[in-house]
Amino acid sequence: MASSDALARNDASNPGVLKQYFGSLWRSISTLFQCITGGMDWRFSSDALSTLDPMWMMLFVAYIAFSQFALLNVVTGVVCQTAIESAQQDQDIVVQTQLANKEKYVRKLENLFRDLDSESVGKITLTKFEERLKDSSLKAYLDALDLTADQAWNLFKLLDVGETSMIGVDEFVSGCLKLRGTARSLDIHMLMYESRWSMNKLTKLMLAVQDLTFSIEELQDLQLPPADLTSTMRSDLGSMDEIGR
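Residues in the sequence shown are numbered from 171 upward in steps of one, following the working numbering.
Below, the structure is given as structure tokens:
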């Protein structure tokens, strides 16, 4: 309105430029919108207002600053927050999907165990396991579950964690879950860790046996009484027992 009044009174020093940017209400709205959205350089419109009154130019600059540093940042923050919440929901959906797939897989394994346990005794022996795996449909079902049944004995031993020559449904399900698919990086690193742990224990045990052998030889050379010899050997055996723990 100030620009319209100035144009009506012919007070503007450059009426052509002022009319171009602020000649009407809709033209002013268009100019303000373009200035904050990159449609035009706001310097030109501010220069046009400076020909009217420096106060209007200062108000215009304040409007630009507020729009750029406050309003648009708030809008950007809302958009980013919405994107983060959407990503979190996607992660939750992935977790729920994985859990649902695992539950379905476990149910399929339980059904497979019931098919293998034709006598419904709740246990499967190696003989029964090999016999049932001769059924091509069961082998195909194992393959569909990403398991291999080509070597029944090896598969049975891997599933028979308790080494009872029999496997129950819990052993069967948990074992098949571990054997499913290819080896993961975590599985390989756990195997390497257990190998290093066993090697360290074996090395310490060998050193303890050597020390015990040297102690026995020294005691024999000293010709100690049997009671002292027995006491010393018990002490060395106690240290070996600590290593084995």
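No residue lacks a Cβ here, since even glycine has one placed at the ideal position from N, Cα and C.
Name the one or two DSSP bridge partners that residue i has.
i	result
Lys293	Gly338
May I ask which residues mark the beginning and end of the alpha helix (DSSP H) holding residue i?
i	result
Ala218	Trp212 to Ser220
Glu333	Premise fails: Glu333 is in no alpha helix (DSSP H) and is neither H nor E.
Gly247	Leu242 to Leu286
Asp313	Ser306 to Ala314
Phe236	Pro224 to Phe236
Leu202	Leu195 to Thr207
Is the beta carbon of residue i sitting closer than 7 Å to the one on residue j?
i	j	result
Lys293	Gly332	no
Tyr191	Thr201	yes
Trp212	Leu219	no
Phe230	Ser216	yes
If I'm right that residue i touches residue j with Cβ under 8 Å, what's the distance once you round it to whole angstroms?
i	j	result
Val276	Val379	That belief does not hold up - the Cβ atoms of Val276 and Val379 are roughly 46 Å apart, past 8 Å.
Thr295	Met336	5 Å
Leu328	Gly345	6 Å
Asp340	Leu308	So it is not a contact: roughly 20 Å between Cβ atoms.
Leu279	Tyr311	With a Cβ gap of about 10 Å, Leu279 and Tyr311 do not count as contacting.
When you compare the segment 233-247 with the segment 294-301, are there three or more beta-carbon pairs, one atom per stretch, that lie closer than 8 Å? Judged by pairs of C-beta atoms under 8 Å, the segment 233-247 does not touch the segment 294-301, as fewer than three such pairs exist.
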